[in-house]
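Presented below is the structure to which this report refers.
Residue numbers (UniProt numbering): 1 to 972.
In structure tokens form, the structure reads like this:
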């Protein structure tokens, strides 16, 4: 049987064809176009899914979270990639979404942005105004999803997972492409950084060599690099250090400062500052890159940053990254926890506000070099110590304030809500109370009086703004709303968990199941698997209608979700007083009149139905709208009166629901009145926000004053409880400490009931360097660190742990007190230590303070001794700075003494002192460390005794002692 059409792939009979040679084409074959490659048919998606696909393609570097009703969802490959990290189930059908309720957004962002350092694009719902209303309803085109913000580690604003005690800096680095840096000249690098949550904005010019030190001080969460700077040595260095880098193509010309003005709080002031502030071209380029990046991530949100503050290395003590870690100023060496136990920040922190704590961290990493500024801070601390009642009063009132820096910045970004405004108003009132308290307790000392008056004079009175806020916002209504929202959140969480126990749903599933959804969620019981059988793919434990109910309920206006009908009739959680505006007053009056009409209608229904009041209700439900609800098995006469127009829309054994034209019309008018009130409330809220923005400069100035008062009050409490003294600062180079102590170690010993052995340090005067010897575990390293920390505290403006302290201003502190292998860069411990040492020798100045511990270890004894000697001589002859040098190379002291004899006392060159700690043994073989320093050299390190303390096996100890004795015999 022959078929007319062959099926694809069927085998046909071969045919033989004979042709002549002349019939074949002769000559070169003409070029024929290649056949077109058949196009792959694009997958067809629903409108919602197509929007998601478009956003994912547009923001390719971002994880896109899309708002769908009351949920934020992931789709396509991103659901597979990050869904499991968020604890979400992954759908089997490509294009299916997975997500959680709106309340889970912060948890998603914490995992994605903070933990995984990902960029996240937030796509919100907006009414689609481009289509006909009927088409919307038919094809699900009622909403469109647009990306409103891109969130990165450096562009956080008010996310709940942000650390309130730490700044969240975004930094831009711009290397100078024109300066190659000749012999002894380093390339200039421009820095610009900001905290989008507070509006702080800074710039600085530095060098390539000091870049890592500056980054350690600033502590950026993210670093932005212009694409044109990719591959420069500075960027390669940041990459090696595993910094979080983002490359960006700027939309702002590198030197276009005019574009800055629109992003700053005061356009005219900012323009003048930028033009006259002495900003270098590298700083301006870095700032332009930074602002361009932020504008792109905010996707059109307004932004009001503070005018840029230009930082100069001459104004602050420089603490490099190695020293920052070694001294554990903000994070511990052990686990790197910022502000954790064992850090200087944790030890000295007595602040009670978030802004004060953030500023304290900044002060500790950037101590002042101006004697006047330091003394002004110390004078304020001294005043608080002398006025204990004022101190207690100020700290109590500071606790009543809120984080106004971040509150104001939220307002500038259009994100502040009614709660934020109330917090801001309360802070304004507390600020004025604090100013009044300080003004009523003025110090008698002239210097302190000037400081206090200057501080109070910087506070601007804003009672009118606070009054406007508190007269407008209904705090009781806010409290009620939060109570109801908490109830709703609990219900939504339970609903989401019920959905999560079932199968993952696609948007098509939800759209198809919404039409006949009731308010209740029905959970199907999962049937047990048959023995030996497999569970069917896609089996769900929660029905499609259940999930659709969750999404439909979540998508309703909040006023229709958070209150049951009975509650909503009794009290509506308005956020504004009816007197907040004339329009609100009229709208509330109209609503009251409508509610009176409803009461009359209810009374009429009760009369006609002859039923009890609790059996008849005029209600609204998401699925049925405005209905007459009757709880009764026997129905009243429905033939006469108003009940004759009722249309049944649902019933059960004990309840009946009807559409009543009179109630439908009246209920719609009531809902419109409520909507009008909510709309007007938002208008009033926006007007108040605008007033806040008009006062943004004053609010930020006041916040800075509160921070400074909080730090000074905290330092006063610390000094009183710890017995610290006021340091004397001068422009000399001497470091005179009597009875100095290590702040953190002493605190730890106090907790254990043990005492700390204080020590004196007089380096920088007649003796410019101290060489310190002594046993292991006898406190040499602690002594080195405590003197560096005392200097940092003194130049921060704090009292210090000592009996007396007189310190010449220090421009840089350097530390070489312990390193580890850097396997990432193939560098051994010895190599790392030599690099750190080289950095110190190249950068230390006569005003620097250097602490070095065991330089030369990690190699042979002879080589190590030689290197240590070379370092000591360079610091002594060339650098001329204050140095504390701890070592086990006892011969260094003799070597130094020989140099001093050879030099014969070079004019201006200071001596090198030798000091040591000890170990004392008793007649019974017992021993103890003596942590008190004495002048001289200790020729024994007693390492075997320390090894015995550490628990080395007896055989190892015995062998070590024998070897040690033999070596001693050889040297005799």
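We treat Cβ as the ideally placed atom computed from N, Cα and C, and that holds for glycine. Keep in mind it's a predicted model, so treat the numbers as computed, not measured.
Closest Cα partner of residue 911 within the set 215, 816, 765: Residue numbering aside, residue 911 sits at position 911 when the chain shown is read from its first letter. Out of 215, 816, 765, 765 has the C-alpha closest to the C-alpha of residue 911.
Whole-angstrom distance between residue 488 and residue 378, CA atom to CA atom: Stepping through the chain shown from its first residue, residue 378 is reached at position 378. Stepping through the chain shown from its first residue, residue 488 is reached at position 488. About 52 Å.
Residues bridged to residue 853 (per DSSP): Here residue 853 refers to the residue found at position 853 of the chain shown. DSSP, once it has assigned bridges, lists 886 as partnering residue 853.
Unbroken stretches of the alpha helix (DSSP H), 4 residues or longer, contained in the region 327-409: 344-348, 354-365, 371-386, 388-399
Same chain, Cβ closer than 7 Å to residue 688, five either side skipped, listed in chain order: The count along the chain shown starts at 1 and reaches residue 688 at position 688. Excluding residues within five positions, the ones whose Cβ falls inside 7 Å are 421, 468, 469, 472.
Span of the alpha helix (DSSP H), counted from its first residue to its last, around residue 660: Position 660 of the chain shown holds residue 660. Note, residue 660: premise wrong, no alpha helix (DSSP H); not H, not E.
With 16 other Cβ atoms within 10 Å as the buried cut-off, status of residue 284: Residue mapping note: residue 284 aligns to position 284 of the chain shown, counting from 1. That one is buried.
Outcome for residue 406 when other beta-carbon atoms lying within 10 angstroms are tallied against a minimum of 16: Here the question's residue 406 lines up with position 406 in the chain shown. Buried, since its Cβ has 16 or more Cβ neighbours within 10 Å.
The alpha helix (DSSP H) enclosing residue 584, as first and last residue numbers: Here residue 584 refers to the residue found at position 584 when the chain shown is read from its first residue. Per DSSP, residue 584 belongs to the alpha helix (DSSP H) from 582-609.
Reduced DSSP secondary structure (H/G/I, E/B, other) of residue 976: Within the shown structure, residues of the chain are numbered from 1 to 972, placing residue 976 beyond reach of any answer.
Alpha helix (DSSP H) segments (min. 4 residues) lying fully within the region 186-248: 211-218, 233-240
Whole-angstrom C-beta distance between residue 816 and residue 855, which should lie under 8 Å: Locating residue 855 in the chain shown gives position 855, where the first residue counts as 1. Locating residue 816 in the chain shown gives position 816, where the first residue counts as 1. So it is a contact: roughly 6 Å between Cβ atoms.
Start-to-end residues for the beta strand (DSSP E) that takes in residue 627: In the chain shown, residue 627 corresponds to position 627, counting from 1. 625-631 is the extent of the beta strand (DSSP E) around residue 627.
Three-pair Cβ contact test at 8 Å for the region 296-303 versus the region 791-798: no
Own chain residues within Cβ distance below 6 Å of residue 581, not counting five before or after: Translated into positions along the chain shown, residue 581 becomes position 581. Taken in chain order, the residues that qualify are 684.
Residue 927, buried or exposed, once every other Cβ within 10 Å from all chains shown has been counted against 16: For the purposes of this step, residue 927 is identified with residue 927 of the chain shown, where counting begins at 1. Exposed, because fewer than 16 other Cβ atoms sit within 10 Å of the Cβ of residue 927.
Endpoints, alpha helix (DSSP H) assigned at residue 293: On the chain shown, position 293 is the one that residue 293 refers to. First-last of the alpha helix (DSSP H) with residue 293: 281-298.
Candidates 50, 767, 969, 710: closest to residue 395 by CA position: Translated into the one-based positions of the chain shown, residue 395 becomes position 395. Residue 395 has its Cα closest to that of 710, out of 50, 767, 969, 710.
Proximity of residue 973 and residue 235 at Cβ, strictly below 7 Å: There is simply no residue 973 to check, as the chain begins at 1 and stops at 972 in what is shown.
Supposed close pair residue 776, residue 943 - CB separation, criterion 8 Å: The residue given as residue 776 occupies position 776 in the chain shown. The residue given as residue 943 occupies position 943 in the chain shown. Right, the Cβ-Cβ distance comes to about 6 Å (below 8 Å), so this counts as a contact.
Three-pair Cβ contact test at 8 Å for the region 746-760 versus the region 880-892: no
Length of the line joining the Cα atoms of residue 850 and residue 813: Against the chain shown, residue 850 aligns to sequence position 850. Against the chain shown, residue 813 aligns to sequence position 813. Going by the C-alpha atoms only, they are around 6 Å apart.
Among 610, 599, 680, 643, the one whose alpha carbon lies nearest that of residue 587: Mapped onto the chain shown, residue 587 falls at position 587. Comparing Cα-Cα distances from residue 587 to each of 610, 599, 680, 643, the minimum goes to 680.
Whole-angstrom C-beta distance between residue 575 and residue 478, which should lie under 8 Å: The residue given as residue 478 occupies position 478 in the chain shown. The residue given as residue 575 occupies position 575 in the chain shown. Yes, they are in contact, since the Cβ atoms of residue 478 and residue 575 sit about 6 Å apart, within 8 Å.
Exposure label - residue 450; buried when at least 16 CB within 10 Å: The residue given as residue 450 occupies position 450 in the chain shown. With fewer than 16 other Cβ atoms within 10 Å, it is exposed.
CA nearest to the CA of residue 772, picked from 950, 238, 914, 56: For the purposes of this step, residue 772 is identified with residue 772 of the chain shown, where counting begins at 1. Nearest of 950, 238, 914, 56 to residue 772, Cα basis: 914.
Three-state secondary structure (DSSP) of residue 741: Here residue 741 corresponds to residue number 741 of the chain shown, with the count starting at 1. In the structure shown, residue 741 sits in coil (DSSP, three-state: anything other than H, G, I, E or B).
Segment contact flag, the region 228-244 with the region 323-339, C-beta cutoff 8 Å, min 3 pairs: no
Exposure label - residue 950; buried when at least 16 CB within 10 Å: As a working mapping, residue 950 is identified with position 950 in the chain shown. By the 10 Å Cβ count, residue 950 comes out exposed.
Check whether residue 176 and residue 306 have beta carbons under 7 Å apart: Along the chain shown, one-based indexing puts residue 176 at 176. Along the chain shown, one-based indexing puts residue 306 at 306. No, these two residues do not count as a Cβ contact at 7 Å.
Outcome for residue 210 when other beta-carbon atoms lying within 10 angstroms are tallied against a minimum of 16: Translated into positions along the chain shown, residue 210 becomes position 210. Result: buried.
Integer-rounded CB distance, given that residue 383 should sit under 8 Å from residue 452: The count along the chain shown starts at 1 and reaches residue 452 at position 452. The count along the chain shown starts at 1 and reaches residue 383 at position 383. That pair is a contact at about 6 Å.
C-beta atoms of residue 160 and residue 106 nearer than 7 Å: Counted from its first residue, the chain shown places residue 160 at position 160. Counted from its first residue, the chain shown places residue 106 at position 106. For residue 160 and residue 106, yes; Cβs fall inside 7 Å.
Option in 291, 733, 746 with minimal Cα separation from residue 249: The residue given as residue 249 occupies position 249 in the chain shown. The option with the nearest alpha carbon to residue 249 is 291.
Bridge-paired residues (DSSP) for residue 64: Counted from its first residue, the chain shown places residue 64 at position 64. Partner(s): 121.
Straight-line gap, residue 219 to residue 69 (C-alpha atoms, nearest Å): Position 219 of the chain shown holds residue 219. Position 69 of the chain shown holds residue 69. For residue 219 and residue 69, the distance between alpha carbons rounds to 38 Å.
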